[in-house]
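Undergrad: So the sequence shown is residues 105 to 689, counted in this note's numbering. Cβ coordinates follow ideal geometry from the N, Cα and C atoms, glycine included. Let me begin by handing over the structure; questions about it come next.
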Amino acid sequence: FLLRISKHVFFVSLGFHLSGTVTEPPTTSEPAVTYKVAISFDRCKITSVTCGCGNKDIFYCAHVVALSLYRIRKPDQVKLRLPISETLFQMNRDQLQKFIQYLITAHHTEVLPTAQKLADEILSSNSEINQVNGAPDPTAGASIDDENCWHLDEEQVKEQVKLFLSQGGYYGSGKQLNSMFAKVREMLRMRDSNGARMLTLITEQFMADPRLTLWRQQGTSMTDKCRQLWDELGALWVCIILNPHCKLEEKSCWLQQLQKWNDLDVCPLEDGNYGHELPNITNALPQNASHSSDSLSRPRRTVFTRAIEGRELHWQDSHLQRIISSDVYIAPACQQESERLLFNSQGQPLWLEHVPTACARVDALRSHGYPKEALRLTVAIINTLRLQQQRQLEIYKHQKKELLQRGTTTITNLEGWVGHPLDPIGCLFLTLTEACRVNDDGYLEVSDMSENRPPVYQHVPVASGCPNSHESYLSLALEVALMGMGQQRVMPEGLYAQDKVCRNEEQLLSRLQELQLDDELVQTLQKQCILLLEGGPFSGLGEVIHRESVPMHTFAKYLFSALLPHDPDLSYKLALRAMRWVALS
């Protein structure tokens, strides 16, 4: 609705305090309504708000927004005054007495009891008020050493989360909770300190949900909708802990709180059940030949475990700092022995870290407003995955004859990237496609891809220090999605974990279908499909697969449809391989 600032009331900006009235225009059924609004601000941030409308929401009401915009757009029409303490200092005794008596007379029903109480305390030499020098001034603003942050109504956040959870996490309430998570990400991206505060308040209400105790006592699992909300909660805490510029004391405080929640018996487990657990966030998976029972007997892991493990991660590594700070970082002409592992044969930097953990760094950079740095690290991760894919292909060529004779293989990836709690492939894909997204005017835009309209992309060359590199971020996005979904990995235990793999795959495929396959993308598709067919036990479309590996049928259907207009022979070869018709493939 349209609002207007009342012209009949005096507006004043008193020190660091802005007050005024806002009028809602009349409608056919309601008369005009006027509300008094007060706003305190400090160093370009609104630190507190009060409105007569009694707003019960975590966001500012329209009246606060209207007054703020009025002050910004029409500064000449708002009278500026010194803080009230400065004005009082200029008055003599008679003026002070007159000021106080007129103030009490104007608001005697509201302030008279308080005025009498303060008078009694001031006249008493032993009162607490006389033990302190000076007096508070709400219009003077905070000290330069004090922290300042945007106003956040903590009670309203708690009440709203509690209300939504009480509704069972069904579509309407679940959608509202997801919008609150999106608001947290928006705050983090703007580097607003309220992001972590708001997430803490949300988590407190999640942990206080009485259904957690009920589910545990009855031995039943929570609904999938609730599980998805808990997954997003855990992922957000990983972003908070991996903030590249957070203070150590802040990080320590968050970790202590996470550990308290983690130690509670009702804290939900990461995989949604009490069976199979996933490896530590800071450890790369051992690519061993046996899927032994020892790998299944791991400590209890909750939705907060990965965030807690983030305490071991830091951003001080010099190689990592060079990757994220420069587009032209390449291998030095004279490399030391230890530096040769840090670059590929083209001199492009690699980042040799547990893949989901490396992608969690990318998500943290994106979430905290460092899109360029996230993009640079993404490219380094993809170059690392390419090198890994090449080495796996070489290993398979040496073992191919033996594996084909046996007709079986051991699982080579105990941890799948699609359906993983940190969603590594989805994170890389979004980071790359956001850099290529075009708005309605034909310009590149930065977007969280939350709009309903289908996105439009264009090729953006990869910023690289290698002159022979002619790739685009869009082709890299397609490539990494194909690599992730084509990975041969073991099917996780538990219905929820298995459903999550399928749901994550469907999300990636729906995003891939939004890409318009031009010649460059078709070449990327063909190249990656050939590698998947030749990938042996490392590929879900290799010649030999493990009996417990994740099925490739849905993925193969997309590949078949996408390739058919461009390369029918390769398309049918993929389809037959996915169907495992040995006599025909």
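What are the complete alpha helix (DSSP H) segments, minimum 4 residues, inside the region 463 to 526?
TA: 475 to 510, all fully within the region 463 to 526.
Undergrad: Could you tell me whether the Cβ atoms of R593 and E519 are closer together than 8 Å?
TA: Contact flag set, yes.
Undergrad: Can you give me the Cβ contacts of I345 inside the same chain, cut-off strictly under 6 Å, excluding the 5 residues immediately before and after it?
TA: Closer than 6 Å at Cβ, skipping near neighbours: A411, G414.
Undergrad: Residues in the same chain with beta-carbon distance under 7 Å from H670, minus the five sequence neighbours each way, listed in chain order, please.
TA: Excluding sequence neighbours, H670 sits near V626.
Undergrad: Starting from I143, trace the beta strand (DSSP E) both ways and give me its first and last residue.
TA: Its beta strand (DSSP E) spans residues 137 to 146.
Undergrad: What's the C-alpha gap between L526 and D623?
TA: So the two alpha carbons sit approximately 32 Å from each other.
Undergrad: Assuming F268 and Q260 form a contact by the criterion Cβ under 8 Å, report the distance between their Cβ atoms to the nearest whole angstrom.
TA: Going by Cβ atoms, the distance from F268 to Q260 rounds to 12 Å, so no, they are not a contact pair.
Undergrad: DSSP three-state call for L629: helix, strand or coil?
TA: L629: helix per DSSP, three-state reduction.
Undergrad: For R301, collect the residues of the same chain with a Cβ closer than 7 Å to its Cβ; drop the 5 residues on either side in sequence, then sort them by chain order.
TA: Result list for R301: L256, in chain order.
Undergrad: Does E624 come out as helix, strand or coil in the three-state DSSP assignment?
TA: Three-state DSSP puts E624 in a helix.
Undergrad: By alpha-carbon positions, which one of N234, K140, N298 ends up nearest to V126?
TA: The option with the nearest alpha carbon to V126 is K140.
Undergrad: Answer with buried or exposed for A170, where buried requires no fewer than 16 other C-beta atoms within 10 angstroms of its C-beta.
TA: Answer is buried; the Cβ neighbour count reaches 16.
Undergrad: Three-state secondary structure (DSSP) at P129?
TA: Here P129 sits in coil by DSSP.
Undergrad: Are there 16 or more other CB atoms within 10 angstroms of the CB of T482, so buried, or fewer, so exposed?
TA: When all chains shown are included, T482 counts as buried.
Undergrad: Give me, in chain order, the residues of the same chain whose beta-carbon lies closer than 7 Å to that of Q602; leave out the 5 immediate sequence neighbours on both sides.
TA: M595, P596.
Undergrad: If you check the beta carbons only, do S675 and F664 fall under 8 Å apart?
TA: Yes, Cβ-Cβ distance for S675 and F664 is below 8 Å.
Undergrad: Is it right to say Q509 is buried, meaning 16 or more other beta carbons lie within 10 angstroms of its own, or is it exposed?
TA: With fewer than 16 Cβ atoms within 10 Å of its Cβ, Q509 is classed as exposed.
Undergrad: Beta-carbon separation of G451 and M294 under 8 Å?
TA: No.
Undergrad: Enumerate in chain order the residues of its own chain whose CB-to-CB distance from E354 is below 8 Å, with the five nearest sequence positions on each side excluded.
TA: Excluding residues within five positions, the ones whose Cβ falls inside 8 Å are A300.
Undergrad: Looking at the strands, I want to know which residues DSSP matches up with Y577.
TA: DSSP output for Y577 lists no bridge partner at all.
Undergrad: Just confirm the distance between the C-beta atoms of F533 and L612, as a whole number of angstroms; I'd bet it's less than 8 Å.
TA: Going by Cβ atoms, the distance from F533 to L612 rounds to 7 Å, so yes, they are a contact pair.
Undergrad: Terminal residues of the continuous beta strand (DSSP E) containing I233?
TA: Taken as a continuous stretch (DSSP letters only), I233 belongs to no beta strand (DSSP E), as it is neither H nor E.
Undergrad: What is the rounded straight-line gap between the Cα of Y662 and the Cα of E416?
TA: Cα-Cα distance, rounded: 39 Å.
Undergrad: Quick check on A393: buried or exposed, where buried means 16 or more other Cβ atoms within 10 Å of its Cβ?
TA: Per-residue confidence for A393 stands at a pLDDT of 38, beneath the threshold of 50, marking its modelled position as unreliable; the derived number appears in the next sentence. Counting Cβ neighbours within 10 Å, A393 comes out exposed, since fewer than 16 surround it.
Undergrad: So, using beta-carbon positions, are L303 and L362 closer together than 8 Å?
TA: Their beta carbons are not under 8 Å apart, which means L303 does not touch L362 by this criterion.
Undergrad: Check whether the region 451 to 469 touches the region 483 to 503, taking contact to mean three or more Cβ pairs, one atom from each stretch, closer than 8 Å.
TA: Touching, yes, given that three or more Cβ pairs across the two stretches are closer than 8 Å.
Undergrad: Can you have a look at D467 and say buried or exposed, based on whether 16 or more other CB atoms are within 10 angstroms of its CB?
TA: Its Cβ being crowded by 16 or more others within 10 Å, D467 is buried.
Undergrad: Can you name, in chain order, every residue of its own chain whose Cβ lies under 7 Å from the Cβ of H657, other than the five neighbours on each side?
TA: For H657, where only same-chain residues beyond five positions count, the Cβ hits under 7 Å are A682.
Undergrad: Indicate the three-state DSSP secondary structure (helix, strand or coil) for S325 in the structure shown.
TA: If DSSP states are grouped into helix, strand and coil, S325 belongs with coil.
Undergrad: Just list the residues that DSSP pairs K149 with in beta bridges.
TA: DSSP output for K149 lists D146 as bridge partner(s).
Undergrad: Does the beta-carbon of N543 have 16 or more other beta-carbons within 10 angstroms, so that it is buried, or is it exposed?
TA: Label assigned to N543: exposed.
Undergrad: Would C350 pass as a contact of F408 if the rule is Cβ separation under 8 Å?
TA: No, they are not a contact pair.
Undergrad: Quick one: is T213 buried, meaning 16 or more other Cβ sit within 10 Å of its Cβ, or exposed?
TA: Exposed: under 16 other Cβ atoms inside 10 Å.
Undergrad: Should C148 go down as buried or exposed, given a rule of 16 or more other Cβ atoms within 10 Å for buried?
TA: Label assigned to C148: exposed.
Undergrad: What are the partner residues of T154, as DSSP defines its beta bridges?
TA: DSSP lists A142 as partners of T154.
Undergrad: Please say whether L446 and P348 have beta carbons closer to each other than 8 Å?
TA: It is not a contact, given that the beta carbons lie outside the stated cut-off.
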